[in-house]
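Going by the working numbering, the sequence shown opens with residue 60, and the numbers climb by one from there.
To start, the structure itself, in structure tokens.
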Amino acid sequence: MIPSPATTQPMLRVRDLHKSYGAHAVLRGVSLDVAAGQVVAIIGASGSGKSTLLRCINYLDRPSSGSVELDGQPIGVMQRRGHQVPATERHLRRHRAEIGMVFQHYNLFAHMSAIANVIEAPMAVRGLSRAEATDRGMQLLVKVGLADKATAYPAQLSGGQQQRVAIARALALQPKVMLFDEVTSALDPELVDEVLTVMRELADSGMTMLVVTHEMAFAADVADQVAFMDAGVILEHGAPSTVLRDPAHARTRGFLQRVLRNHERA
60 MIPSPATTQP MLRVRDLHKS YGAHAVLRGV SLDVAAGQVV AIIGASGSGK STLLRCINYL
120 DRPSSGSVEL DGQPIGVMQR RGHQVPATER HLRRHRAEIG MVFQHYNLFA HMSAIANVIE
180 APMAVRGLSR AEATDRGMQL LVKVGLADKA TAYPAQLSGG QQQRVAIARA LALQPKVMLF
240 DEVTSALDPE LVDEVLTVMR ELADSGMTML VVTHEMAFAA DVADQVAFMD AGVILEHGAP
300 STVLRDPAHA RTRGFLQRVL RNHERA
């Protein structure tokens with residue numbers, strides 16, 4: 060389990076999370092704590108359960124068992140007539156507003172401009188007026204370096220620019236935690252740095268972040284903790300200097316060697 064500092068309640072707490080699709084177990088008992096302001100990088104081979112973990116944390120996929128708490132509040136359950144029952148979709152939407160998620164593919168609304176993509180959720184979920192949402196949205200586009208693209212449509216933006224709009228959109232709800240799922244893997248290599256720069260700035264600002272990534276240099280520079288997932292479990296975790304440079308498990312070493320070889324071929 061990834062520990063948080065003993066003196067603080069974790070911002071995000073995951074306990075014994077399992078997820079199966081039929082007979083196929085994807086998560087097999089994942090536990091981790093992420094303290095407020097902490098950045099945790101999740102690494103591992105494709106199919107190890109990294110993306111499923113993020114989707115279960117914000118209940119885009121319901122876990123088969125286990126629990127998730129955000130800032131001390133359980134996610135995925137609610138009280139009804141004095142009993143704890145599975146949360147309704149309406150209840151889950153309120154929790155998801157506190158957990159920003161950015162995907163590998165940008166998922167922007169093609170018929171909306173950049174600023175319209177950013178302000179849609181704050182108006183629909185938080186009840187902001189269009190003027191309030193637009194003011195906040197423009198501040199976020201400035202933050203991600205795209206103020207001059209506010210009226211551009213996704214088709215007029217590069218992949219890196221679209222991903223930065225997606226980050227601004229996730230931040231527009233003022234979430235307590237940001238989840239990043241391989242957000243640079245679909246980008247051309249020359250566009251990766253512009254997205255990672257925004258993520259570095261978010262980390263520097265104190266945003267709590269859980270980042271699934273193959274960018275080992277980013278994990279080494281920005282993460283407070285690195286967790287290596289293999290076959291649906293966290294096999295190894297610790298400081299980046301330990302996990303990335305002197306891993307304890309042979310499977311971690313093998314994965315890192317493959318990543319290095321692939322990077323050298325690129």
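Note that beta-carbon positions come from the ideal geometry of N, C-alpha and C, so glycine has one too.
Computed from a prediction, not measured in an experiment: that's the story for all the values here.
- Buried is the label assigned to P299, since at least 16 other Cβ atoms lie within 10 Å of its Cβ.
- Following the DSSP letters along the chain, one finds P248 inside the alpha helix (DSSP H) bounded by residues P248 to D263.
- Taking the C-beta atoms as reference points, I158 is found no nearer than 7 Å to V285.
- Of all alpha-carbon atoms in R259, L112, M258 and L167, the one lying nearest the alpha-carbon of S217 is that of L167.
- Within its own chain, the residues whose Cβ lies closer than 8 Å to the Cβ of V257, once the five positions on either side in sequence are excluded, are K202, V203, G204, R223 and I226, listed in chain order.
- Around the Cβ of N321, a 10 Å sphere holds fewer than 16 other Cβ atoms; the residue is exposed.
- Using a Cβ distance threshold of 7 Å, H150 and M137 count as a contacting pair.
- Taking a contact to require three or more Cβ pairs closer than 8 Å, the region 85 to 105 and the region 207 to 221 do not qualify as touching.
- With 16 or more other Cβ atoms from the protein chains shown falling within 10 Å of its own Cβ, L113 counts as buried.
- Checking the DSSP bridge columns, you'll see H83 partnered with Y80.
- For Q284, the enclosing beta strand (DSSP E) starts and ends at Q284 to D289.
- With a threshold of 16 other beta carbon atoms within 10 Å, L319 falls short and is exposed.
- DSSP places D240 within a strand segment (E or B) once states are collapsed to three.
- By the Cβ rule, the region 301 to 313 counts as touching the region 272 to 291, because three or more pairs are nearer than 8 Å.
- DSSP lists R72 as the bridge partner or partners of D92.
- Membership of Q221 in the alpha helix (DSSP H) is indicated by the continuous run G218 to L230.
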